[in-house]
Structure formats: C-alpha cells, structure tokens
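This report refers to the structure that appears directly beneath it.
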Amino acid sequence: MAVIGTKAPGGLKARWTLIDIIVVVYALVPVLWILSLSFKTKDTLADRNFFPREWTWQNYIDIFNTSEFLRALLNSIGIAVIATVIAVVLGTMAAYAIARLDFPGKRLLVGVSLLIAMFPQVSLVTPLFEMERSLGLFDTWPGLILPYITFALPLAIYTLSAFFREIPWELEKAAKMDGATPAQAFRRVIAPLAAPGVFTTAILVFIFCWNDFLFAISLTSTTASRTVPAALSFFQGSSRFEDPTGTVSAAAVVITIPIILFVLFFQRRIVAGLTSGAVKG
Amino acid sequence: MSEAVDTPRAAVKGASDGKKAERRLAFWLCAPAALVMLAVTGYPIIYSIWLSLQRYDLRFPSQHEFVGLDNYITVLTNSYWWTAFGVTAFITIVSVVIELVLGMALALIMHRTLVARGLIRTVALIPYGIVTVVAAFSWRYAWDANTGYLSQLFDPDGAPLTQRASALTIIIAAEVWKTVPFMALLLMAGLALVPEDLLKAASMDGATAWQRFTKVMLPVMKPAILVALLFRTLDAFRVFDNIFVLTSGAQETGSVSMQTYNNLIKGLNLGIGSTMSVLIFLAVALIAFIFVKVFGAAAPGNSDNGRR
Amino acid sequence: MRFAHRVPGRRGRRLRVALCAALVASPLVAACGSDDGGITVNVYYSIEENFDKVIANCADAAHGRYKVAFTALPRDADDQREQMVRRLAAGDSDMDILGLDVTWVAEFAQAGWIAEWTGQDKADIEQGTLAGPLTTARWQGKLFAAPKNTNVQLLWYRSDVVPTPPKTWSEMLDMAARLKAEHKPATVLMTGAQYEGLVVQFSTLTAGAGGKILSDDGSKAVVDDGAVRALQALRDVATSPAVSPSLSNAKEDNIRQEFEKGNAAFELNWPFVYASMGKSNPELAKVFKWAPYPALDANKTGTSTIGGYDLAVSTYSQHKPEAFEVAKCLRSAENQKYSAINSGVPPTIESVYHDPEMAEPYPMRDAILTELKSAAVRPVTPVYQNVSTLVSAILSPPSGIDPPKTAERLRTELQDALDSKGVLP
Chain A
0 MAVIGTKAPG
10 GLKARWTLID
20 IIVVVYALVP
30 VLWILSLSFK
40 TKDTLADRNF
50 FPREWTWQNY
60 IDIFNTSEFL
70 RALLNSIGIA
80 VIATVIAVVL
90 GTMAAYAIAR
100 LDFPGKRLLV
110 GVSLLIAMFP
120 QVSLVTPLFE
130 MERSLGLFDT
140 WPGLILPYIT
150 FALPLAIYTL
160 SAFFREIPWE
170 LEKAAKMDGA
180 TPAQAFRRVI
190 APLAAPGVFT
200 TAILVFIFCW
210 NDFLFAISLT
220 STTASRTVPA
230 ALSFFQGSSR
240 FEDPTGTVSA
250 AAVVITIPII
260 LFVLFFQRRI
270 VAGLTSGAVK
280 G
Chain B
0 MSEAVDTPRA
10 AVKGASDGKK
20 AERRLAFWLC
30 APAALVMLAV
40 TGYPIIYSIW
50 LSLQRYDLRF
60 PSQHEFVGLD
70 NYITVLTNSY
80 WWTAFGVTAF
90 ITIVSVVIEL
100 VLGMALALIM
110 HRTLVARGLI
120 RTVALIPYGI
130 VTVVAAFSWR
140 YAWDANTGYL
150 SQLFDPDGAP
160 LTQRASALTI
170 IIAAEVWKTV
180 PFMALLLMAG
190 LALVPEDLLK
200 AASMDGATAW
210 QRFTKVMLPV
220 MKPAILVALL
230 FRTLDAFRVF
240 DNIFVLTSGA
250 QETGSVSMQT
260 YNNLIKGLNL
270 GIGSTMSVLI
280 FLAVALIAFI
290 FVKVFGAAAP
300 GNSDNGRR
Chain C
0 MRFAHRVPGR
10 RGRRLRVALC
20 AALVASPLVA
30 ACGSDDGGIT
40 VNVYYSIEEN
50 FDKVIANCAD
60 AAHGRYKVAF
70 TALPRDADDQ
80 REQMVRRLAA
90 GDSDMDILGL
100 DVTWVAEFAQ
110 AGWIAEWTGQ
120 DKADIEQGTL
130 AGPLTTARWQ
140 GKLFAAPKNT
150 NVQLLWYRSD
160 VVPTPPKTWS
170 EMLDMAARLK
180 AEHKPATVLM
190 TGAQYEGLVV
200 QFSTLTAGAG
210 GKILSDDGSK
220 AVVDDGAVRA
230 LQALRDVATS
240 PAVSPSLSNA
250 KEDNIRQEFE
260 KGNAAFELNW
270 PFVYASMGKS
280 NPELAKVFKW
290 APYPALDANK
300 TGTSTIGGYD
310 LAVSTYSQHK
320 PEAFEVAKCL
330 RSAENQKYSA
340 INSGVPPTIE
350 SVYHDPEMAE
360 PYPMRDAILT
370 ELKSAAVRPV
380 TPVYQNVSTL
390 VSAILSPPSG
400 IDPPKTAERL
410 RTELQDALDS
420 KGVLP
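Chains as they are written, first to last, in numbering that gives the first Met the number 0: chain A, 0 to 280; chain B, 0 to 307; chain C, 0 to 424.
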C-alpha cells in the first residue's frame with residue numbers, strides 16, 4: 000500500500016497523479032453528463048451522444064428568466080446556512096457533553112437521537128404538516144429550518160462525539176500547565192483538534208439540507224420558502240408528458256456550484272485542523 | 000472521569016460538588032438539542048406508532064377502528080412485503096460493503112495525496128452534493144435504451160433497465176456513486192486523528208503498510224467507521240429516489256420505502272402504511288444494535304466515554 | 000390569505016405572533032402578511048403553460064368583487080394529489096378550487112372533500128360538454144367537478160411504410176411483423192413501464208374488447224373475458240418480434256423520443272407527440288399520421304381511455320359561490336380554446352373543436368372528437384390509486400402475463416383493494 004508512504008520522490012508523484020485522475024474521472028464523468036444534458040438542445044437531448052452536437056445556453060436562460068428559480072436559490076441558501084449553523088452549534092454542545100462528561104441519561108439521549116434518525120421520514124411528514132399548519136409555520140423558513148436541524152442533529156451528534164472522544168484532551172491540561180489560560184488552551188490546542196470533525200459535520204449537514212426534497216415539497220406551498228429541489232418539480236416541459244430534462248439539468252448544475260464553494264471553503268479548515276493537530280501531537 | 004474530578008486528591012465533598020456541576024453543565028449542553036429533536040419528532044413518531052394499531056383508510060373514515068396488531072400480521076404474511084424486503088436488504092448489504100471499501104480507499108487518497116490535494120478533496124465530494132433525484136434522472140437517461148450513452152456503450156441492442164439483474168446492478172451503482180463521498184468524508188476526518196508520529200514509529204519498527212493500516216490506523220478510526228457505517232446503512236435501507244426514477248419498482252426491484260409510499264401516500268391507507276414504517280424502523284434498529292454490539296466501546300455513550 | 004382559518008387556537012396565534020416578531024426583519028416570511036379583508040379565490044392547479052393568463056381573464060371577469068390567486072402544484076401527478084389530500088384531510092380552508100386528474104374525482108367525492116355541483120351551475124357545465132369527459136366528473140350519479148381539459152390516445156404511424164393504418168390490434172401486430180421481416184421501420188411503441196401508463200393501455204384494450212375490469216358501481220372486481228383478451232393482447236405485443244426492447248420501462252415521453260429517432264412504425268400515445276415531432280424531426284413529421292386507437296374488436300376501433308383534468312370546489316372553501324363562478328370561467332369555451340391553442344390541452348366542450356382557429360394546431364381534431372364520443376373511462380372507484388398501483392404491478396412486465404392466471408390474480412387482489420384490505424405492492 001503505497002498510500003501510506005510519506006516521502007515524495009518523482010515516481011511517487013506520478014503515481015499520485017494517476018490515482019487522482021482516476022478519482023476525478025469517477026466523480027466527474029456522471030456530472031459532466033448532466034452538464035452536457037444542460038447544454039443540449041431539446042431536439043438532440045436523446046441522441047445517445049455524450050457530448051452535445053449543438054450547444055445552447057437556452058436552458059440556463061430559461062431558468063434565470065423567471066424570478067422563481069432565483070427566489071428558490073435564495074431560499075435554499077438561507078435555509079441551509081441557518082440550519083447548518085444551528086445544527087452544528089447544538090450538535091457540538093451535545094457531543095461535547097456526551098464525549099467528555101458523565102451524566103445520567105446519556106445513553107438515553109444517544110439512543111433517542113439515533114431513533115429519530117431511523118424512523119422513515121415519509122411517515123412523519125403528514126403529522127409534521129399538521130403541526131406546522133396549526134402553529135402558522137407552514138410555508139415559512141422556520142418551518143423548514145426546524146425539521147432540518149432535527150434530522151441533521153443525530154448525524155451531527157454522532158459524528159462529533161466520535162471525534163471528541165479521540166481528541167487527546169490531556170494536551171489541554173499540558174497547555175494550561177505551560178501557563179496558558181483556559182481560553183488560550185482551548186483556542187490554540189482544542190479548537191484546531193476539533194476542527195476537522197466540526198467542519199466535516201458542517202459539510203454533511205449542509206448537503207443534507209441543500210438536497211432535501213421530501214420536506215421541501217411537503218412543508219411549502221409558495222415561493223416564500225420553496226427551495227430549489229422542490230422548485231425543480233415545478234419546471235414545465237412543453238406538455239404534461241414531456242420531462243423538462245434540459246432545464247432540470249441546468250438547474251442541477253447551478254445548484255451544485257454553492258456546494259462546491261462550501262466544500263472548497265471548509266475542506267481547507269479540515270486540512271488546517273489536521274496539520275496543527277499533527278504538529279502538537 | 001472528567002476534568003473537574005481530575006484535580007489530585009480532591010475532597011469527597013468537592014468531588015460530589017464537581018459531579019453536580021458536571022451534570023448541570025451536561026444538562027445545559029444537551030438540553031437545546033434534545034428539546035428541538037423532541038419538539039419536532041415526538042408527536043409525529045408516537046402518532047405513527049398509534050396509527051399502525053388502527054384500521055384507518057382515509058377514503059373509508061367510517062371503518063376507523065383499533066385493531067391491535069392485525070396490521071402487522073397483514074403485512075408480515077404478505078409476499079409483496081417480503082419480496083421488497085429481500086430486495087432492500089440485498090441492495091443495502093451490497094452497496095454498503097462496496098461503499099465502505101471504496102470510501103476507505105477514497106479517504107486515504109484524499110488524505111494522503113501529494114498532488115492537488117484541495118482539488119481532489121473538493122471534486123470527490125461533488126457526487127454527494129448533486130440532488131439525488133436529478134442524479135437518478137441522469138442515470139436513467141444514460142442507461143435508457145433510446146437516449147443513453149451508457150446503454151449505447153455497453154448494450155446497444157438491449158434495454159438494461161428492463162432486466163432484473165442489470166437493473167439492480169444499475170441501482171446499486173447509482174447508490175454507490177452517490178454516497179461513497181459521504182463515507183470517504185467521515186473516514187477522512189477519522190484519519191485526521193491518526194497521529195503521524197505513531198505511523199512513523201511503526202514504520203521504523205518494520206511494520207508493513209498493511210500492518211500499519213490494520214494495527215495503527217483502524218483502531219483510531221473505529222468510531223468514525225462506526226458512524227459512517229451506521230448512518231449509511233440507515234439511509235441505504237430506506238432507498239427510494241434511485242429506484243423510483245430508474246425502474247419505478249418494475250421487475251421486482253421495489254424497496255420497502257417505495258411500498259410504504261404506495262400504501263401510505265398513494266393508497267392513503269394510514270394503518271398499513273404506518274405499520275410498514277414501524278417495521279422498517281425496527282429492522283433498521285436491529286441493524287444498528289448489531290453494529291453497536293460488534294463495534295462495542297466505539298459507540299457514543301458507552302461507559303468508557305470521556306477518558307482516553 | 001386569511002389567517003383566522005389557519006390558526007385554530009389562541010395559543011397558536013400567540014406563538015405565531017411571537018415567531019413573526021422574531022422574524023420581523025425578514026420580509027421573506029409571507030405568513031406574517033396582514034389580512035386585507037377582501038375575498039380571494041385560491042386556485043390550486045398543476046402547472047400549465049400560460050395558465051396565469053386564464054387566471055387573469057377570470058379575475059378581470061369578477062370586476063373587483065373578489066381576487067383570483069393561483070397556486071401551482073408540482074408537475075408530477077402523484078405529488079399534486081399528495082399535497083391536496085394532505086391539506087384536505089387537515090380541513091384546510093385555504094384551497095377553493097382544486098385541479099383534479101380525472102381519476103381522482105371519485106376518491107375526493109367519496110371522502111367528502113369536494114362539493115357537489117347543483118342547480119344552474121350543474122346545468123351550465125353539462126351544457127355542451129362532451130359525454131366522455133363528463134362521465135369522469137360524476138360519482139354515484141352526481142356531478143362533482145367541471146371537466147377542464149381532456150385527452151385521448153391515438154395510433155400514430157408512419158405513412159411511408161404503412162399506407163393504410165390497421166383497424167385492429169392483431170392487424171397492427173401482423174403489419175409490424177411483416178415490416179420487421181422486410182427490415183423496414185417496424186417497432187410498436189406503447190407505455191409499458193410499471194405505472195399508470197400501463198393501466199391506461201390495459202383499460203383501453205379491455206374496453207375495446209367490450210370487457211370490464213370493475214363492476215359499474217366500482218364495488219366488485221369483475222375482470223371478465225374481455226379483460227382476459229386484453230391481457231392476451233398485452234402479452235402478444237410484448238412478445239412480438241417488433242416490440243421495443245424498452246417496453247417494460249417506457250413512459251409517454253420515452254416512446255415519443257424513440258419514435259422520433261425513426262425506427263418505429265406505430266406509437267400509441269397522446270396527441271402531444273404531434274407538435275413535438277414537428278419541432279424535432281421535421282422530415283419525419285411529413286409522414287407522421289394518426290388513426291383511431293386499434294381495438295380488439297373491429298367495431299370498437301377508436302375506443303380510448305380518457306385523460307385530462309377536472310375542476311372541483313373544496314368542501315372547506317369559505318367562498319363557495321365565488322369558487323363555482325371562477326371554476327366555470329376557467330373552463331369556459333373561450334378559455335378552453337385559449338388553452339388548447341396556447342398550452343396544447345384538448346378541450347372538453349364540443350363547439351370549441353369546430354372553431355376554425357383549431358384547425359392548424361389540431362389537424363387530428365376529428366379523430367380526437369370521434370374517440371371522445373365513444374371513449375372508455377378508467378374504472379371509477381374511490382380507491383382508483385390502489386387499483387392502479389396493483390394493476391401496474393401485476394401486469395409488469397407485460398411479457399410475463401399469463402392471461403387466465405393473471406386475470407385470477409387481478410380478481411382476488413383487486414377485490415381486496417376495493418375492500419381496503421391487504422397490502423399494495
């Protein structure tokens with residue numbers, strides 16, 4: 000397993016380049032297919048070619064021509080960001096307690112949160128709708144943010160507590176003995192160690208909120224809070240029987256861009272956390 | 000036990016005070032998360048369980064009555080249910096195993112690569128970021144005998160989505176492609192915790208790469224692997240979108256989630272539909288229980304938590 | 000939007016006020032808007048091109064007595080039904096007019112979710128509306144909806160390889176086999192995936208053999224000899240040398256695309272394929288012709304299942320008189336003509352077909368009209384969704400049909416579904 004090698008002679012670099020290319024092909028070829036569909040004209044959609052024979056921007060023009068898609072994009076970004084921030088903060092707090100503190104009811108909390116993650120969501124949608132309707136939350140941002148936080152929390156708590164358990168907390172004590180204040184010890188030692196877990200969780204939660212369709216279609220009814228995955232099912236073909244494949248593909252491409260930016264931004268933090276952890280460790 | 004108690008030779012009174020403070024802190028840390036989860040799901044879950052004990056079809060409100068476990072007997076003695084159950088279990092096992100292997104490989108690559116690390120880490124996550132329904136449609140388009148480049152490439156005259164074996168393979172491939180990044184990301188964050196000097200030391204002691212992987216890396220990553228496996232299995236067992244789009248469940252490729260959808264949402268049979276939900280939940284709970292047993296102490300909340 | 004209807008208790012209101020106060024900075028929370036006191040008729044209808052124009056017409060016609068607001072439902076029929084059912088089951092009074100697929104009327108009527116049309120309103124709807132579409136709007140002899148648009152399938156064929164279109168199913172299969180042997184475009188295309196489209200074929204073929212799937216009152220699973228012949232016909236086409244390999248995964252849009260590629264001779268599909276062919280394959284469009292749906296009995300040729308949408312008024316509507324008025328306006332002859340020409344949905348009022356402006360977009364209008372007069376209606380039952388889910392599962396894949404055995408299975412399992420027993424696949 001060359002993967003674990005630590006030095007970097009020229010041959011190794013070439014080998015890594017090859018492996019990287021395989022990864023890129025694996026990840027991107029199906030995505031390129033969606034990209035290609037989004038650039039195909041309506042009449043050449045079904046020509047069995049991987050690359051478009053005629054290129055068109057029409058699908059992109061179409062989706063940005065209506066205010067609805069932009070509005071849905073705004074809803075998606077706002078809802079996913081707010082839900083991610085809250086879920087990660089609440090999850091970090093709970094995970095810290097689970098990993099580091101001794102208290103009665105810990106197993107219950109862990110068990111209940113797993114139970115929530117296990118229950119089929121399709122059967123929870125109708126009662127949730129009734130609750131939200133009577134509270135006036137139906138078709139509002141909080142009406143989606145709350146379920147997203149809820150269903151992201153189990154994963155957040157599990158991921159984070161798994162990480163917090165593995166963090167060498169004695170380093171904190173060592174730093175304190177070296178004369179650091181508790182705040183410094185946390186900022187310089189613990190925070191960098193915890194960062195990979197926290198940002199990994201943030202990415203997962205964000206993608207979960209971003210891609211959800213079930214709640215988005217069931218708990219919204221207008222553009223006030225409809226997110227992009229739900230908005231996709233309001234795109235029209237030329238008739239009731241024709242699927243708007245081109246515009247849906249274009250929209251899929253557009254809404255993948257924020258994910259890429261989000262991951263780009265956070266994966267740096269994962270690297271940062273990693274290196275400082277390695278230095279101190 | 001914890002920081003508060005770590006103070007050497009703490010008085011007994013002090014220890015119990017510390018204990019109280021620790022509990023209070025833990026309570027305040029956990030309360031918000033617990034509150035949100037219970038507020039949102041408490042009533043819906045209990046309501047579903049209650050519905051599963053009723054004969055309740057929305058079209059026949061007059062026949063609404065309490066029937067105890069009758070719905071469970073109806074579902075569990077039905078061959079449709081067991082076919083779907085078998086298909087679901089098959090898809091779950093096969094895809095999760097493949098995902099674990101590929102996910103581990105991808106995690107190592109993302110973690111260790113010397114070339115274009117940032118690019119790889121970002122690109123590898125894109126499949127997970129694509130909206131599932133759209134990805135499923137693009138696969139359907141690619142494999143469809145009339146529109147697809149893949150069917151053109153592999154099977155120009157046939158229609159792979161209309162044969163059970165090839166359709167299942169395509170469904171699993173679509174699942175795997177989509178979720179390997181999820182596994183890899185969790186495992187990579189686990190890898191980040193493996194101390195570099197420990198690996199160097201093992202290497203100097205003459206451990207082979209495989210030994211370093213199994214003896215040094217795996218034990219540290221155990222909790223991360225558990226979380227990744229657990230949550231992927233929960234999700235895989237509820238597979239819906241890919242099947243719905245790719246085959247609509249034809250040729251006996253339907254999953255238990257599709258059946259639940261058909262009974263609960265399309266059929267409006269709240270009793271039977273909720274029963275299926277509870278059964279899926281029980282099946283998944285059993286899987287989770289086995290995982291936690293197998294992985295033992297790696298589960299969060301186990302007794303040795305909080306110390307190293 | 001009137002909030003008083005949505006928030007039952009004072010506690011709910013207070014909580015909402017608190018939440019709105021917390022979010023007051025955000026203009027995005029529509030639910031915090033104030034109530035202006037006027038009447039608004041809320042129309043819930045699936046997305047349809049240019050439908051906002053029709054809505055505007057009807058809002059103008061109200062001369063300020065009320066407003067008409069349109070809320071789009073998703074493209075997918077199951078998603079539409081799911082949303083409406085969820086809200087109706089909760090007694091939601093925000094919905095006034097509902098756009099229903101023709102197969103949902105019985106279900107919504109039986110559940111007490113939609114109001115009966117009576118008196119002058121009823122007479123207005125029945126006046127001039129074609130018999131086939133009107134049947135879909137009735138349940139137990141009462142009128143529960145107003146047919147907005149309709150649809151029938153035709154046989155589409157290539158006149159360069161098929162000079163005279165077949166009259167019966169077996170003629171069609173024979174011709175296809177002959178063309179196949181001559182290495183000409185021969186494929187027969189129909190919707191065979193495990194979904195509603197397969198049920199439509201089965202129901203059309205059954206009607207074309209003079210058979211029945213359910214009894215007239217929808218209470219018994221009959222599956223008579225005609226239905227058995229329909230099963231045989233499905234099996235025949237699925238095992239024919241000229242069938243498309245994709246049959247068992249094909250939906251309407253798939254077979255449209257496959258025909259446009261030029262390897263097929265026959266396609267059983269809705270008229271939307273005509274406009275599409277003109278755009279994507281103008282060469283082939285010149286020989287793209289239509290004929291009545293070939294039946295199993297020669298004297299029943301042109302029997303096709305009816306599709307389309309009906310408009311109903313919600314039982315929970317607070318403005319029923321206005322809602323009936325708006326529904327009538329939305330499907331008026333004038334607006335139906337507008338929608339037929341601009342959105343491609345065939346009208347339900349006979350006179351509209353005779354309008355000269357219809358000739359260009361609907362060259363096949365006579366064929367449609369003929370079929371609409373002798374049309375088959377899918378089994379009318381409140382549990383149609385269950386029937387459809389079961390039938391599509393049992394008939395899929397069509398090549399696996401064993402007529403007498405499959406019929407027996409349909410009989411027992413459909414009866415369970417009608418009695419709300421058993422499990423859906």
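Each residue gets a CB set at the ideal place from its N, CA and C atoms; glycine is no exception.
Strictly below 8 Å CB to CB, what residues from chain A border residue i?
i, result
"residue 36 of chain B", "111, 112, 115, 149, 152, 153"
"residue 272 of chain B", "122"
"residue 275 of chain C", "237, 238, 241"
Output yes or no for whether 8 Å exceeds the beta carbon distance between residue i and residue j.
i, j, result
"residue 32 of chain B", "residue 89 of chain A", "yes"
"residue 67 of chain C", "residue 344 of chain C", "no"
"residue 425 of chain C", "residue 267 of chain C", "Limits of chain C in this structure are 0 at one end and 424 at the other, which puts residue 425 of chain C out of reach."
"residue 264 of chain C", "residue 366 of chain C", "no"
"residue 277 of chain B", "residue 51 of chain B", "yes"
"residue 309 of chain B", "residue 176 of chain A", "Lying outside 0 to 307, the shown extent of chain B, residue 309 of chain B is not represented and no answer is given."
"residue 244 of chain B", "residue 254 of chain A", "no"
"residue 247 of chain C", "residue 185 of chain C", "no"
"residue 417 of chain C", "residue 382 of chain C", "yes"
"residue 167 of chain C", "residue 291 of chain C", "no"
Note down, in chain order, every chain B residue with its Cβ under 7 Å from the Cβ of residue i.
i, result
"residue 382 of chain C", "58"
"residue 195 of chain C", "Correct list: empty, because the minimum Cβ distance to chain B is about 10 Å."
"residue 110 of chain C", "57, 58"
"residue 379 of chain C", "Simply none; closest approach about 14 Å."
Could you work out which residues of chain C lie near residue i, taking near to mean beta carbons separated by less than 9 Å?
i, result
"residue 234 of chain A", "46, 74"
"residue 247 of chain B", "192, 193, 194, 248, 250, 391, 395"
Specify, as a first and last residue, the run of the alpha helix (DSSP H) that residue i falls within.
i, result
"residue 13 of chain A", "9-38"
"residue 189 of chain B", "163-190"
"residue 96 of chain C", "First-last for residue 96 of chain C: 96-100, but that is the beta strand (DSSP E), not the alpha helix (DSSP H)."
"residue 319 of chain C", "319-329"
"residue 295 of chain C", "No alpha helix (DSSP H) contains residue 295 of chain C, which DSSP labels as neither H nor E."
"residue 284 of chain B", "269-294"
Find the residues of chain A that neighbour residue i, judging by a C-beta separation of less than 7 Å, and give them in chain order.
i, result
"residue 251 of chain C", "240"
Can you name the start and end residues of the beta strand (DSSP E) that residue i belongs to?
i, result
"residue 309 of chain C", "305-312"
"residue 289 of chain C", "287-290"
"residue 266 of chain C", "263-268"
List, in chain order, every chain C residue whose beta-carbon is nearer than 8 Å to that of residue i.
i, result
"residue 62 of chain B", "419"
Give the interface partners of residue i over in chain A, defined as CB-CB distance under 9 Å, in chain order.
i, result
"residue 269 of chain C", "238, 239, 240"
Name the chain B residues that come within less than 8 Å of residue i, Cβ to Cβ?
i, result
"residue 283 of chain C", "Here the premise fails: no neighbours, minimum Cβ distance about 15 Å."
Secondary structure, alpha helix (DSSP H): runs of 4+ residues fully inside the stretch 41-76 of chain C: 50-60
Mind pulling the alpha helix (DSSP H) runs of 4 or more residues that sit fully within the stretch 181-251 of chain A? 181-184, 190-210, 213-217, 227-231
Taking beta-carbon pairs under 7 Å, can you tell me which members of the stretch 72-91 of chain B lie near chain C? 73, 74, 77, 79, 80
Scan the stretch 5-30 of chain A for residues whose Cβ lies nearer than 8 Å to a Cβ of chain B and list them as they occur along the chain. 5, 7, 11, 12, 15, 16, 18, 19, 22, 23, 25, 26, 27, 29, 30
Inside the stretch 117-195 of chain C only - alpha helix (DSSP H) runs reaching at least 4 residues: 118-125, 130-135, 168-180
Restricting to runs no shorter than 4 residues, where is the alpha helix (DSSP H) found entirely within the stretch 26-100 of chain A? 57-64, 66-99
Suppose only complete runs of 4+ residues qualify. What are the alpha helix (DSSP H) ranges in the stretch 378-415 of chain C, listed by chain order? 383-393
Beta carbons nearer than 7 Å to chain B: which residues of the stretch 384-396 of chain C have them? 384, 385, 388, 395, 396
When you check each C-beta in the stretch 133-166 of chain C against every C-beta of chain A, which residues fall closer than 7 Å? none
Select from the stretch 234-259 of chain C all residues with a C-beta closer than 8 Å to any C-beta belonging to chain B, and list them in chain order. 243, 244, 245, 246, 247, 248, 253, 256, 257
With 9 Å as the C-beta to C-beta threshold (strictly closer), list the residues of the stretch 75-93 of chain C near chain A in chain order. 75, 76, 78, 81, 82, 85, 86, 88, 89, 91, 93
Residues from the stretch 209-221 of chain A in contact with chain C, defined by Cβ distance under 9 Å: 216, 217, 220, 221
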